[in-house]
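Here is the structure we will look at, set down as structure tokens.
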Amino acid sequence: MVANRFVYVKTFGCQMNEYDTERMLNVLAEQNYSKTEDPEEADLIVINTCSVREKSEQKFFSLLGRLQNLRKKGRVLLAVGGCVAQQEGEKILDRAPYVDLVFGTSAIDRLPGMIDRVIARGKAQVDIDLTGEETEPGYHPLAARSSSYTAFVTVMRGCNNFCSYCVVPYVRGRERSRPQETVVREVQALADRGVKEVTLLGQNVNSYGCTGEESNGLFPQLLRAIDRVEGIQRIRFTTSHPKDLSGSLISCFREVEKLCPHIHLPLQSGSNRTLARMNRRYTIEEYQDKVERLRAICPDIALTTDLIVGFPGETEEDFQDTLDAVRRIEYDEFFSFKYSDRPNTRASGMDQKVEEEEKSRRLTVLQNMQKAITLRRNRALVGKVSEILVEGGSKRNCVQQMGRTGTNKIVNFEGPSHLHGEMVMVEIVAAHPHSLQGRLL
Ligand code: 5AD
Ligand code: SF4
């Protein structure tokens, strides 16, 4: 029996990385590692990295620099996992020779073996094999809960789309899906532990289970299977590629009872010229047509998106097309980013790069436009009654509780803490830019 040890994990990036962090903690718990929030106390420090934009990569390297002294001082092992690890491999050791382990996005299950080898041989280990872990069906252990009542469940990994700006296909590999029965079993196990809401994760959930070019409706089938899991009250999913958003998935918003009325549908740009150069394979007209179909089937559906400004060659006119699209579509909220060159991507080799200052200007204009739209949409909810899942205490105020509507809006309200994990009805009494104020009914 190995003595109890401590692991500290720092996670950068998306929800998939958060899920992977939980998997790392599960794998490490079997080796008697318990989680600590204090890096000074840790026997093992893991950094789960993100490389989707240059900024997140820079944040990781500066953290690595700060951890150098801790590593040199003590007997702690320093491990780098996730997308930057996958992308850079051995090169991380050239830049930071004090790192003990570099493990890629598919090496999570092999982490304990790597740790043993580092200790036995006193030599750094690198594993960025993208093919290993997925060969075995049902490879995922149960994910620990991201909060007490809500959890992420990965249903597919990787991406075949190669949008020209995106590093994901290079660091996460090709699409592969988990079998339906393992996903359902994991959701059932989460429900048995009190989880009420699951968010199904994948880079492109609409190609869940697809092996060829054609979408064969396996994701809607998965949603229906999860709908039948007792104890689960809400289902969400992210992300769906607009080109693959099928009629049968749109229908799920009417037919699958537990599916929340919210869809995240990344647009990236409102200009057809830019969309083509991004290799997105849809036009703004096709995108808008799908939005109209979603709203016809589910009038209250909340819509969120991702947008990039300053893609190489983006003119003022292209940018105006994005502003027009945002004005017309009226998203509930969006995530917006300045284009950033990523290794290996086609866009990084394109000319006509947009100046940093101009990218910042466009981002500010776009975000200011959305702020007004979000506030207007939130204000329209005042006086309405909404069902929320109470997730816990409010961040800002200890007598307040916090929950989310099906449309994924945060509602703070006064109420007792024994409501945590319950579905309750509230009347919306005030609207703020990022949250709503409710009154418990
Ligand atoms: N530059 C800026 N934003 C990017 N994204 C992906 N790659 C880049 C990049 N190179 C954004 C996209 C995607 C989101 C997760 O990150 O909007 O949908
Ligand atoms: Fe990246 Fe495009 Fe795949 Fe999304 S669909 S992960 S943006 S390549």
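With the working numbering as the guide, the letters of the sequence shown map in order to residues 15 to 455. All C-beta atoms, glycine included, are put in the ideal place defined by N, C-alpha and C. Quick caveat: nothing in here was measured; it's all calculated off a predicted structure.
The nearest non-hydrogen atom of the ligand SF4 is 8 Å or more from the C-beta of V169. Under the Cβ criterion (8 Å, minimum of three pairs), the stretch 434–441 does not count as touching the stretch 316–332. Listed as beta-bridge partners of F26 by DSSP are no residues whatsoever. Spanning the alpha carbons of C266 and I442 requires a straight line of approximately 27 Å. L214 places its beta carbon 9 Å or farther from that of T164. Just measuring C-alpha positions, the residue of Y345, R356, V425 and L78 sitting nearest R309 is Y345. D320 is bridged by DSSP to F349.
Between I122 and L91, the CB-CB gap reaches or exceeds 9 Å. Residue burial annotation: F233 is buried, with at least 16 other C-beta atoms found within 10 angstroms of its C-beta. Taking a 10 Å sphere around the C-beta of Q381, we find fewer than 16 other C-beta atoms and assign the residue as exposed. Taken through DSSP and simplified to helix, strand or coil, L337 comes out as helix.
Following the DSSP letters along the chain, one finds V198 inside the alpha helix (DSSP H) bounded by residues Q194 to D206. For the 9 Å CB-CB criterion, P447 and T388 form a contact. Collapsing the DSSP output to three states places I249 in a strand. Here the stretch 258–276 lies against the stretch 234–242, with 3 or more beta-carbon pairs under 8 Å apart. A straight-line Cα-Cα distance of about 10 Å links E32 and T63. What you get when you keep residues with a C-beta closer than 6 Å to any heavy atom of the ligand 5AD is V66, R67, Y179, C180, P280, Q282, D320, I322, F351, Y353, S354 and R356. The beta carbon of H255 sits closer than 8 Å to at least one heavy atom of the ligand SF4. Non-local C-beta neighbours of L337 in its own chain, meaning closer than 8 Å and more than five positions away in sequence, comprise G284, V379, L380 and M383, ordered along the chain. Relative to the ligand SF4, the beta carbon of P326 is positioned no closer than 8 Å to any heavy atom. In this structure T35 is not in contact with V181, their Cβ atoms being roughly 19 Å apart against a cut-off of 8 Å. A straight line joining the alpha-carbon of E44 with that of L395 spans about 47 Å. Distances from the alpha-carbon of A339 to those of T297, R375 and G324 put T297 closest. Counting the other Cβ atoms within 10 Å of the Cβ of F26 gives 16 or more, which makes it buried. The residue from L321, R307 and I322 with its alpha-carbon nearest to that of I315 is R307. Taking each of N286, I264, L263 and Q202 in turn and checking the Cα distance to G245, the smallest one comes out for Q202.
Between V60 and C28, the C-beta gap is not smaller than 9 Å, which leaves the two residues out of contact. For the pair of segments examined, the stretch 420–430 was found not to touch the stretch 176–191: the number of CB pairs separated by less than 8 Å stays below three.
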